[in-house]
Amino acid sequence: VNKVVAPGELLGEAKAWAEEIAEKSPTAIRFLKYSFNVDSEHQAAVGAIAMSALEVFNKTPGGLEGASAFSEKRKPDFSRELE
Numbered sequence: 106v107n108k109v110v111a112p113g114e115l116l117g118e119a120k121a122w123a124e125e126i127a128e129k130s131p132t133a134i135r136f137l138k139y140s141f142n143v144d145s146e147h148q149a150a151v152g153a154i155a156m157s158a159l160e161v162f163n164k165t166p167g168g169l170e171g172a173s174a175f176s177e178k179r180k181p182d183f184s185r186e187l188e
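Anchor point for the sequence shown: position 52 equals 157 in this note's numbering, and the numbering is continuous, going up by one each time.
Printed below as a string of structure tokens:
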């Protein structure tokens, strides 16, 4: 649980989280979704997969843009990543 909201605020909060996720790199989201779906009973293997995925992601256009944006203190532009 990351946040507790009143029932009437749930839809708005969910939409805000969805918008925040949508701003992220689509490739990074795919890697995260894959790692979340891996059998969590094998934590060491999950960690190894996550590190391997991160290493691969860091070499993708989205990973490079994210790192550049972070070091330049600007918002990343992932709009060209899926071209």
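Yeah, the Cβ is synthetic: ideal placement off N, Cα and C, and Gly gets one too.
- Residue 172 counts as exposed, since fewer than 16 other C-beta atoms from the protein chains shown sit within 10 angstroms of its C-beta.
- Residue ranges of uninterrupted alpha helix (DSSP H) with 4 or more members, entirely inside the stretch 113 to 168 and ordered along the chain, are 115 to 127, 131 to 142, 148 to 162.
- In this structure, the straight-line span from the alpha carbon of residue 120 to that of residue 147 is close to 32 Å.
- A residue is called buried when at least 16 other Cβ atoms come within 10 angstroms of its Cβ; residue 167 meets this threshold and is buried.
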